[in-house]
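Residue numbering for the sequence shown is 0 to 472, as defined by numbering that gives the first Met the number 0.
Don't be surprised by glycine CBs; every beta carbon is placed ideally from N, CA and C.
Everything below concerns the one structure shown next.
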Amino acid sequence: MRSPTGEGGAPRLPERFLERMQAWLGPEVGAFLQALAGPYRTGLRVNTLKIAPEAFRARSPFPLSPVPWCPEGFVIEDPEARPGLHPYHAAGLYYLQDPSAMAAAVLLDPQPGEWVLDLAAAPGGKTTHLAARMQDTGVLVANEIQPRRASILALNVERLGVTHAILTNESPPRLADRWEGLFDRVLVDAPCSGEGMFARDPEAIRAWSVDRVRRSAALQKAILLEAARMVRPGGWLLYATCTFAPEENEGVVEAFLQARPDFDLVDPPRHAAFDRGRPEWIEGGDPRLARAVRLWPHRGPGHGHFYALFRRAGEERPHRPKPESDLPGRARRALEAFWAETIARPLPEGGLVLQGEQIYWTPMASALWRGLRVLRPGWWLGRWRKDRFEPDHALAMALRVQEVRQALDLPLWDPRVVAYLQGHPLEGPWESGWALIALEGFPLGWARAERGRLKNLYPRHLRTIGWWEVEAG
Ligand code: SAM
0 MRSPTGEGGA PRLPERFLER MQAWLGPEVG AFLQALAGPY RTGLRVNTLK IAPEAFRARS
60 PFPLSPVPWC PEGFVIEDPE ARPGLHPYHA AGLYYLQDPS AMAAAVLLDP QPGEWVLDLA
120 AAPGGKTTHL AARMQDTGVL VANEIQPRRA SILALNVERL GVTHAILTNE SPPRLADRWE
180 GLFDRVLVDA PCSGEGMFAR DPEAIRAWSV DRVRRSAALQ KAILLEAARM VRPGGWLLYA
240 TCTFAPEENE GVVEAFLQAR PDFDLVDPPR HAAFDRGRPE WIEGGDPRLA RAVRLWPHRG
300 PGHGHFYALF RRAGEERPHR PKPESDLPGR ARRALEAFWA ETIARPLPEG GLVLQGEQIY
360 WTPMASALWR GLRVLRPGWW LGRWRKDRFE PDHALAMALR VQEVRQALDL PLWDPRVVAY
420 LQGHPLEGPW ESGWALIALE GFPLGWARAE RGRLKNLYPR HLRTIGWWEV EAG
């Protein structure tokens with residue numbers, strides 16, 4: 000537990016921050032600071048692309064309590080739990096996410112089949128939630144400007160078995176120049192001064208200053224204006240931060256409403272714990288700012304967030320060409336041979352594209368993304384090499400165990416689960432060919448049977464020590 004005054008080795012909260020919050024929150028500030036001081040409870044969002052929330056709860060290794068505004072969201076009640084190291088995590092059954100962040104997909108409310116853009120997506124909490132709410136249909140573009148963070152985003156999108164996502168590594172203006180009015184819904188989870196992170200990240204406390212708040216606000220205004228260009232007439236835009244500073248919240252929304260009168264601030268359906276925006280905290284604040292949503296750490300589970308949902312006036316369906324396949328004949332034949340031998344569901348129609356040696360299935364016509372920095376144009380199926388096709392880990396993670404011809408489906412207690420996640424070979428007998436290794440019906444990755452043994456193809460960079468070793472050690 001961390002104290003707001005900095006006892007126990009944790010950095011003190013900045014004096015200016017305390018003064019500002021005292022001035023705004025008045026008598027509530029005590030409860031607010033106590034909540035900021037912890038203890039920090041991890042949120043867990045069940046990946047509904049793989050398992051229903053009740054079914055997960057029934058097998059959960061951790062005690063869970065519900066997040067009131069998100070039926071697939073829970074709080075882990077055991078502070079000693081290590082949910083990131085559990086095999087269910089490797090199987091993509093859940094994403095560890097702050098409960099306040101779970102309100103983003105609830106408020107933006109994306110629908111199956113829509114085109115959705117998440118402009119600042121890494122490490123992928125809100126993107127994977129949007130994908131699940133869209134039932135992995137339509138088009139979800141997840142963009143991240145920082146290359147290193149973009150690769151972490153890719154790991155999470157793949158672990159959770161999302162197939163309809165395109166991952167880009169671009170700046171907002173470059174995307175807006177290409178994708179004017181293209182999306183039904185856009186999320187801007189903006190970089191911010193991170194006051195909501197104070198409870199778990201001492202670095203956020205050290206980096207905080209009023210000057211940083213002001214610089215963040217200037218950047219947020221610029222990003223939000225670029226994001227707005229990509230919303231179709233009649234579409235939706237959600238602005239989010241994990242900070243309390245009104246300059247970065249109501250202030251940014253006020254400036255946006257003035258710059259873009261074709262967007263109005265929507266008063267969304269709200270849960271009892273969703274507080275209103277505070278027009279009175281900024282000079283000359285538009286009364287409409289009360290329609291924004293503030294989540295506080297002392298009024299519900301989670302660190303706190305700010306949300307503003309906008310709708311663009313008008314109604315227009317942009318032209319969206321269908322994705323076409325551009326695989327050379329030999330690559331296609333290699334993929335088809337693998338598919339017929341290994342997988343019992345049809346090969347996706349259209350959208351099969353080759354990038355270097357890699358074969359992807361894309362939900363978005365390549366004319367729309369060629370020339371941009373694209374990390375994944377869609378579902379990564381595998382590699383075409385020496386006229387053979389080798390499946391990628393991302394292909395395995397989005398399959399079901401019933402969809403492959405050869406699988407080893409293990410119960411949680413089976414020591415081969417850990418052995419596989421650590422990269423050890425598994426004993427046979429096996430028919431030659433590809434096999435899916437699964438945990439209670441949920442894929443973990445590929446193995447290849449050769450001479451009765453299973454060669455382990457679990458990616459090296461994902462190999463971990465198992466949670467039981469951590470518990471024992
Ligand atoms: N949405 C993510 C999630 O739920 O996992 C968290 C996003 S985080 C709050 C903000 C992101 O904005 C960071 O990943 C950061 O790299 C990115 N960012 C920083 N500067 C940016 C800029 N100028 N334009 C767009 N994104 C930026």
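Exercise for the section: Using a threshold of 9 Å, state whether the C-beta atoms of L461 and A89 are closer than that. Expected result: Indexing the sequence shown from 1 puts residue 461 at position 462. Indexing the sequence shown from 1 puts residue 89 at position 90. Yes, they are a contact pair.
Practice task
Please work out which residues of its chain come closer than 6 Å, Cβ to Cβ, to H297, disregarding the five sequence neighbours upstream and downstream, and give them in chain order.
Solution key: By 1-based counting over the sequence shown, the position of residue 297 is 298. For H297, where only same-chain residues beyond five positions count, the Cβ hits under 6 Å are A30, F31 and A34.
Handout entry: W412: first and last residue of the uninterrupted beta strand (DSSP E) it sits in
Key = Indexing the sequence shown from 1 puts residue 412 at position 413. Run containing W412: none; DSSP gives neither H nor E here.
Problem - Residue interval of the alpha helix (DSSP H) (run including R81) - result: Locating residue 81 in the sequence shown gives position 82, where the first residue counts as 1. Where R81 is concerned, there is no enclosing alpha helix (DSSP H), given that its DSSP letter is neither H nor E.
Handout entry: Nonlocal neighbours in the same chain, by C-beta distance under 7 Å from W23, ignoring five residues either side
Key = For the purposes of this step, residue 23 is taken as the residue at position 24 of the sequence shown. Correct list, in chain order: W280.
Problem - L374 Cβ short of 8 Å to the ligand SAM heavy atom set - result: Numbered from its first residue, the sequence shown carries residue 374 at position 375. No, since every heavy atom of the ligand SAM falls outside the 8 Å radius drawn around the Cβ of L374.
Handout entry: Delimiting residues of the alpha helix (DSSP H) encompassing I204
Key = For the purposes of this step, residue 204 is taken as residue 205 along the sequence shown, with counting starting at 1. Run containing I204: P201 to A206, per the alpha helix (DSSP H) assignment.
Exercise for the section: Let me know the alpha helix (DSSP H) ranges lying completely inside the region 182-250, each 4 residues or longer, listed in chain order. Expected result: 201-206 and 209-228
Practice task
Leaving aside the five residues before and after A258 along the sequence, list all residues of the same chain whose C-beta is less than 7 Å from its C-beta, in chain order.
Solution key: For the purposes of this step, residue 258 is taken as residue 259 along the sequence shown, with counting starting at 1. So the list reads L224, once near-sequence residues are dropped.
Exercise for the section: For I358, write down the residues that DSSP places opposite it in a beta bridge. Expected result: Locating residue 358 in the sequence shown gives position 359, where the first residue counts as 1. Looking at the DSSP assignment, I358 forms a beta bridge with L353 and G381.
Problem - Residue burial classification, P414 (beta-carbon count within 10 angstroms, cutoff 16) - result: Start at 1 with the first residue of the sequence shown, and residue 414 comes out as number 415. So P414 counts as exposed.
Exercise for the section: Reducing DSSP to helix, strand and coil, say where R44 ends up. Expected result: Mapped onto the sequence shown, residue 44 falls at position 45. Three-state result, R44: strand.
Handout entry: W378 burial status per 10 Å Cβ neighbour count (16 or more: buried)
Key = Counting from 1 along the sequence shown, the entry for residue 378 is found at position 379. By the 10 Å Cβ count, W378 comes out buried.
Practice task
Go ahead and label S64 buried or exposed: buried means 16 or more other beta carbons lie within 10 angstroms of its beta carbon, across all protein chains shown.
Solution key: What you label residue 64 is simply residue 65 of the sequence shown in a count that begins at 1. So S64 counts as exposed.
Handout entry: For R452, the nearest candidate out of G83, L407, Y39 and F441 (CA to CA)
Key = As a first step, residue 452 is located in the sequence shown; it is residue number 453 there, counting from the start. Closest by alpha carbon: L407.
Exercise for the section: Tell me, please, which residues DSSP counts as bridged to N142. Expected result: Residue 142 sits at position 143 when you count from the first residue of the sequence shown. Paired residue(s): T167.
Exercise for the section: May I ask you to report which of helix, strand or coil DSSP gives H423? Expected result: As a first step, residue 423 is located in the sequence shown; it is residue number 424 there, counting from the start. Three-state result, H423: coil.
Exercise for the section: Would you mind working out which of L166, E18 and G427 sits nearest L371, comparing C-alpha positions? Expected result: One-based indexing of the sequence shown puts residue 371 at position 372. Considering only alpha carbons, the answer is L166.
Practice task
State buried or exposed for S431, treating a residue as buried only when at least 16 other CB atoms are found within 10 Å of its CB.
Solution key: Locating residue 431 in the sequence shown gives position 432, where the first residue counts as 1. Counting Cβ neighbours within 10 Å, S431 comes out exposed, since fewer than 16 surround it.
Handout entry: Backbone CA spacing between T242 and C191 [nearest angstrom]
Key = The residue given as residue 242 occupies position 243 in the sequence shown. The residue given as residue 191 occupies position 192 in the sequence shown. If I take the Cα positions, the gap works out to 7 Å.
Practice task
Indicate whether the contact test is met: 3 or more Cβ pairs, each with one atom in the region 389-404 and one in the region 417-426, closer than 8 Å.
Solution key: no
Exercise for the section: Can you give me the Cβ contacts of M0 inside the same chain, cut-off strictly under 8 Å, excluding the 5 residues immediately before and after it? Expected result: Against the sequence shown, residue 0 aligns to sequence position 1. With a pLDDT of 38 at M0, under the threshold of 50, the modelled position of this residue cannot be trusted; read the value that follows with caution. Excluding positions up to five away in sequence, the list reads G7, A36, G37 and P38.
Exercise for the section: Could you tell me whether any non-hydrogen atom of the ligand SAM is closer than 8 Å to the CB of K220? Expected result: Taking the first residue of the sequence shown as position 1, residue 220 is located at position 221. It does not: the Cβ of K220 is nowhere closer than 8 Å to a heavy atom of the ligand SAM.
Problem - Heavy atom of the ligand SAM within 8 Å of G123 beta-carbon - result: Looking up residue 123 in the sequence shown gives position 124. Checking every heavy atom of the ligand SAM against the Cβ of G123, one is found closer than 8 Å.
Handout entry: DSSP three-state assignment for S150, whether helix, strand or coil
Key = Here residue 150 refers to the residue found at position 151 when the sequence shown is read from its first residue. The answer is helix: DSSP assigns S150 an H, G or I state.
Practice task
Please go through the same chain and pick out, in chain order, the residues whose beta-carbon is closer than 8 Å to the beta-carbon of E340, but skip the five residues on each side of it.
Solution key: Stepping through the sequence shown from its first residue, residue 340 is reached at position 341. Within the same chain, E340 has close Cβ partners R404, G432 and W433.
Exercise for the section: Counting only the same chain and skipping the five closest in sequence on each side, list residues whose C-beta sits under 7 Å from that of A120. Expected result: Position 121 of the sequence shown, counted from the first residue, corresponds to residue 120. Cβ neighbours of A120 beyond the five flanking positions: T126, A141, N142, E143 and L152.
Handout entry: Nearest-angstrom Cα separation, counted from Q134 out to E113
Key = Position 114 of the sequence shown holds residue 113. Position 135 of the sequence shown holds residue 134. So the two alpha carbons sit approximately 11 Å from each other.
Problem - DSSP-derived helix/strand/coil call for P70 - result: Here residue 70 is taken as the residue at index 71 of the sequence shown, counted from 1. Strand.
Handout entry: N-terminal and C-terminal residue of the beta strand (DSSP E) that H304 is part of
Key = Residue 304 sits at position 305 when you count from the first residue of the sequence shown. From DSSP, the beta strand (DSSP E) with H304 extends over H304 to R311.
Problem - Strand pairing of P442, partner residues [DSSP] - result: Numbered from 1 along the sequence shown, position 443 holds the residue referred to as residue 442. P442 is bridged to A437.
Practice task
Kindly indicate the opening and closing residues of the beta strand (DSSP E) around Y39.
Solution key: The residue you call residue 39 lines up with position 40 of the sequence shown. Note, Y39: premise wrong, no beta strand (DSSP E); not H, not E.
Practice task
Report the rounded CA-to-CA distance for P286 versus R344, giving the unit in angstroms.
Solution key: Within the sequence shown, the letter at position 287 stands for residue 286. Within the sequence shown, the letter at position 345 stands for residue 344. About 54 Å.
Exercise for the section: Confirm the yes/no value for this check: CB of T167, any heavy atom of the ligand SAM, distance under 8 Å. Expected result: On the sequence shown, position 168 is the one that residue 167 refers to. For the ligand SAM, not one heavy atom lies less than 8 Å from the Cβ of T167.
Handout entry: Stretch-stretch touch, CB-based, cutoff 8 Å, three pairs: the region 214-232 with the region 163-179
Key = yes
Practice task
Give a single yes or no on whether Q145 has its beta carbon closer than 8 Å to a heavy atom of the ligand SAM.
Solution key: If you number the sequence shown from 1, residue 145 lands on position 146. Correct: Q145 has its Cβ closer than 8 Å to the ligand SAM.
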